[in-house]
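Protein chains in written order, with numbering that gives the first Met the number 0: chain A, 0 to 484; chain B, 0 to 215.
Encoded as structure tokens, the structure appears first; notes follow it.
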Amino acid sequence: MATGQYVPHAPGYVDTDDPKIVTSRFGYDDSYTLERYLATGGYEGLKAALGKTSEACHNITREATLLGRGGAGFPAGIKWGFCPADVWPRYLVVNGDESEPGTYKDRLLMERDPHQLIEGCLIACYSIGLSQCFLYVRGEMAVAQQRLADALNEAYEAGYVGKNIMGTDFSVDIVLHWGAGAYIVGEETALIESLEGNRGMPRLKPPFFPAAVGLYGQPTIVNNVETLANLPWLMSNGADAYKAFGSETSPGTRMFAVSGHVKRPGVYEVEQGVTTYEDLLYGEKYCQGIRNGHELKMFIPGGGSAPWLFPEQVSLPLEARPVGAAGTMLGSGAIVVMDDSTDAVKACLRVVRFFARESCGKCAPCREGTSWEEKILQRIHDGHGRPGDIELLLDVGDNISPGPYPVAADESQGLEAVPFPPRQTTICPLGPSSVAPIVSAIRRFRHEFEAKIATPVQLNGDDAERSEVGLRGSNAPSEAEGIAS
Amino acid sequence: MSRLNEANVTLAHEIIARYPKPKSALIPLLHLAQEQEGWVTDEAMAHLAELVGVTPAEVKGTCTFYEMFKLHPTGRYMVNICTNIACQVLGGEELLHHAEETLGIRPGGTTDDGMFTLEDVECIAACTEAPCLQVNYRFGLRLSNDDFDQMIADLREHGRSDQLITANPGEEIPSHGTLGLTRQHLTEERTGGIVAPELVTEAPVWLTSEPTQEGE
Chain A
0 MATGQYVPHA PGYVDTDDPK IVTSRFGYDD SYTLERYLAT GGYEGLKAAL GKTSEACHNI
60 TREATLLGRG GAGFPAGIKW GFCPADVWPR YLVVNGDESE PGTYKDRLLM ERDPHQLIEG
120 CLIACYSIGL SQCFLYVRGE MAVAQQRLAD ALNEAYEAGY VGKNIMGTDF SVDIVLHWGA
180 GAYIVGEETA LIESLEGNRG MPRLKPPFFP AAVGLYGQPT IVNNVETLAN LPWLMSNGAD
240 AYKAFGSETS PGTRMFAVSG HVKRPGVYEV EQGVTTYEDL LYGEKYCQGI RNGHELKMFI
300 PGGGSAPWLF PEQVSLPLEA RPVGAAGTML GSGAIVVMDD STDAVKACLR VVRFFARESC
360 GKCAPCREGT SWEEKILQRI HDGHGRPGDI ELLLDVGDNI SPGPYPVAAD ESQGLEAVPF
420 PPRQTTICPL GPSSVAPIVS AIRRFRHEFE AKIATPVQLN GDDAERSEVG LRGSNAPSEA
480 EGIAS
Chain B
0 MSRLNEANVT LAHEIIARYP KPKSALIPLL HLAQEQEGWV TDEAMAHLAE LVGVTPAEVK
60 GTCTFYEMFK LHPTGRYMVN ICTNIACQVL GGEELLHHAE ETLGIRPGGT TDDGMFTLED
120 VECIAACTEA PCLQVNYRFG LRLSNDDFDQ MIADLREHGR SDQLITANPG EEIPSHGTLG
180 LTRQHLTEER TGGIVAPELV TEAPVWLTSE PTQEGE
């Protein structure tokens, strides 16, 4: 049973002495209960908001430049302003369908502090007149669903959600909704389709963005879990206090999940913009460097969709604009670190396979292209690559994302960075994302691809079997280095 | 017998009432059907179609898009091992291979005793705790081969395992199809009024009214 003790390291989350906005309760083992929430300033932000006009609350969010935390990094206050005037009702859809490879922060926010998210939803609804909120949680997150269901039941019972909230004329319902396993549903228009009970395929935009035509054709705000989780603190402390953290263009803090070959992987809340990848990867209070005496080979800086970065780019700040100019994206804040023992072809294949499996099939370039990319990479990896396969891969990629694809600079070859974002022949960015690992890996590690193509593998019985289960050439640490630490 | 049972029909009506349009309830209702039978049957889909007022084909269309809905019986425990990039570099594929040997099945297969179905899945959002897996969507983190074998033995014997994280410590792992053990309950007197979008024509009252004195 929960005891209310402060346990500094909850699974996955690493506590530091950095200022905390959204993870302040993560250390308590009863952090998800209403009792603990109220004892640590819970629902004070909502109370402060209800004492102001809706307009004033919207302005605070706008002034704070609260950037969306889902991946695109668009300011929430401005997004809210895109709702057409005098079209009612308006809805709020919370995007908790976190499934970008490497990403996890929303799951922790939902599991460990569900009331903070609920309060954030209420503040958003109050600010711009959203009359119902749907909390779309990823289907695979059973514990998060249970914690949110419990928290919503408690909050309804205590009068924080529902009719006449805290004795005012503010009434809003929050409905817990959950998905059933589809990465593409994290795209906001696909999320709305899914919430309408349909196959989760993205809608064409422009001309109509969800803020104008969304759920049931009504104005709909789709916000990420972490974005909304910032609102209670923001309303309690104000925009100036919020802007005291982080950099001028990226104020506040942000959660970063650092996984892979670092000594202390974990989810860290750090100040945006002023912290660098180097700080996170090598800092004593963060990941403490690459494990087992290896060297950094490459890292994914913002989720599986992001082009890769390399050792010479670690000094980049955790801020959207410079990272975008360097040829990739800050994305969902997921950093996957790979050391010099990693097989670049195999890593590339695994990320591409993800997109091939998750393509919704609506647009032909993605539906056909991603599976071709996977097939070609698989045969190269298996030792059956053909001369010209590298060019073929790039050509298939070019059909999904035409023109120069965003990629990091490579000084040793005298190559400059191509800035983000990629162009696309598809409705949503899923297909173009599959090209990111291919272009990154081929530009930097072309010799690894060439070596595999040049040395075909003769399968004997044993190799054939191993190859079939995808084990040929392991990317895991050797037994001596250990797996779990 | 694989239409929704009486208790679940009551629950289904409660769920449908939460949405401005009934079809929105489809995914939660498909989960309910899967919870009852362990998988989604054609009869259940036809029943759901009646409940939300669409055709059975539309229900099947939605159902088949989502990976969690199974159209065939599965094992009591769905063992999902992540092999995506963050797990791959820390031994996710090796753990899957070990699981194949221990259980004697390939991904997609079910053990002869109907206890375990194995799957090779995409990122399940526990990347810093690789290699990781889920059993009926409860996490097991940083598992060694021995941990895995212990977990399988625990599940066979007690229906729970210390290797798996549940919402409350020591909770049993429900059989496949059940997600969260508690549900949201919306009582009529406390809801703010959930209606079809076409019935709302004006801005909510609080947008135009004066704020209360409660705050600062």
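Cβ atoms here follow ideal geometry from the backbone N, Cα and C, with glycine treated the same way.
- Query: What's the call for A:Ser400, buried or exposed, on a 16-neighbour Cβ count within 10 Å?
  - Reply: buried
- Message: What would DSSP say about A:Pro418, mapped onto helix, strand or coil?
- Response: coil
- Task: Please report the residue range of the alpha helix (DSSP H) in which A:Trp307 lies.
- Result: Element bounds for A:Trp307: n/a, residue is neither H nor E.
- Kindly say whether A:Leu49, judged by its beta-carbon, lies nearer than 9 Å to any beta-carbon of chain B. yes
- Query: Near A:Thr274, which residues of its chain fall below 6 Å by C-beta distance, leaving aside the five closest residues on each side in sequence?
  - Reply: Leu317
- Interface positions of the segment 314–336 of chain A facing chain B (Cβ-Cβ less than 9 Å), listed along the chain: Ala333, Val335 and Val336
- Check whether B:Lys22 and B:Ala195 have beta carbons under 9 Å apart: no
- Item | Any chain B beta carbon closer than 9 Å to A:Ala463 | The predicted model places A:Ala463 with a pLDDT of 49, which falls under 50 and marks its position as unreliable; any figure quoted below should be read in that light. No - not a single Cβ of chain B is within 9 Å of the one on A:Ala463.
- Item | Per-residue burial, A:Ala463 [other beta carbons within 10 Å of its own, 16 or more giving buried] | Residue placement at A:Ala463 is poorly supported in this model, since its pLDDT is 49, which falls under 50; the coordinates still yield a value, given next. A:Ala463 comes out exposed.
- Query: Got a sec? Which residues, its chain only, sit under 6 Å from A:Glu43 by beta carbon, not counting five neighbours each side?
  - Reply: Ser235
- Task: Using a cut-off of 7 Å between C-beta atoms, extract the partners of A:Pro88 located in chain B.
- Result: Pro196 and Val199
- Alpha-carbon spacing of A:Gln423 relative to A:Gly430, whole angstroms: 8 Å
- Item | Start and end residues, beta strand (DSSP E) containing A:Ile399 | No beta strand (DSSP E) contains A:Ile399, which is instead part of the alpha helix (DSSP H) from Asp388 to Ile399.
- Message: Classify B:Leu198: buried if its beta carbon has 16 or more other beta carbons within 10 angstroms, exposed otherwise.
- Response: exposed
- Task: Would you please verify whether the beta carbon of A:Asp112 is less than 9 Å from any beta carbon of chain B?
- Result: no
- Of all the CB atoms in chain A, is at least one closer than 9 Å to the CB of B:Val78? no
- Status (buried if at least 16 other CB within 10 Å, exposed otherwise) for B:Leu70: exposed
- Message: Looking at the strands, I want to know which residues DSSP matches up with A:His176.
- Response: A:Tyr135
- Within chain A, partners of B:Ala129 - CB distance below 7 Å: Ser258
- Task: Given a cut-off of 9 Å, decide if A:Gln115 and A:Arg253 are closer than it, judged by their beta-carbon atoms.
- Result: no
- Going by C-alpha distance, which of B:Ile123, B:Glu121, B:Cys122 and B:Pro106 is nearest B:Phe115? B:Pro106
- Query: Which residues share a DSSP beta bridge with A:Ala333?
  - Reply: A:Ala256
- Using a Cβ-Cβ cut-off of 9 Å, state whether A:Phe419 counts as contacting chain B. no
- Query: Among A:Gly384, A:Arg445 and A:Arg352, which one has its Cα closest to the Cα of A:Ser432?
  - Reply: A:Arg352
- Item | Cβ-based burial, A:Ala181 [other Cβ within 10 Å; buried from 16] | buried
- Closest Cα partner of A:Ala141 within the set B:Ala24, B:Gly179, B:Thr73 and B:Glu118: B:Gly179
- Message: Tell me the DSSP secondary structure of A:Ile299 in three-state form.
- Response: strand
- Task: Taking A:Gly178 as the query, report the chain B residues whose CB atoms sit under 9 Å from its CB, ordered along the chain.
- Result: Ile26, Tyr65 and Met67
- Item | 9 Å Cβ cutoff, B:Ile123 in contact with chain A | yes
- Task: Report the rounded CA-to-CA distance for B:Trp38 versus B:Gly60, giving the unit in angstroms.
- Result: 16 Å
- So is A:Val335 buried or exposed if we call it buried at 16+ other beta carbons inside 10 Å? buried
- Message: For B:Ala11, would you say it is in contact with chain A, using Cβ-to-Cβ distances shorter than 9 Å as the test?
- Response: no
- Please look up how many angstroms separate the CB atoms of A:Ala475 and B:Val8, rounded, as I've assumed it's under 8 Å. That pair is no contact at about 49 Å.
- Query: chain B beta carbons: is any one of them nearer than 9 Å to that of A:Pro7?
  - Reply: Caution is warranted here: a pLDDT of 45 is assigned to A:Pro7, below 50, making its placement in the model unreliable, and no coordinate value can be reported.
- Query: A:Tyr267 by DSSP, collapsed to three states: which one?
  - Reply: strand
- Item | Beta-carbon proximity list for A:Gly199, same chain, < 6 Å, skipping 5 on both sides | Ala181, Ile183, Val184, Ala189, Glu192 and Ser193
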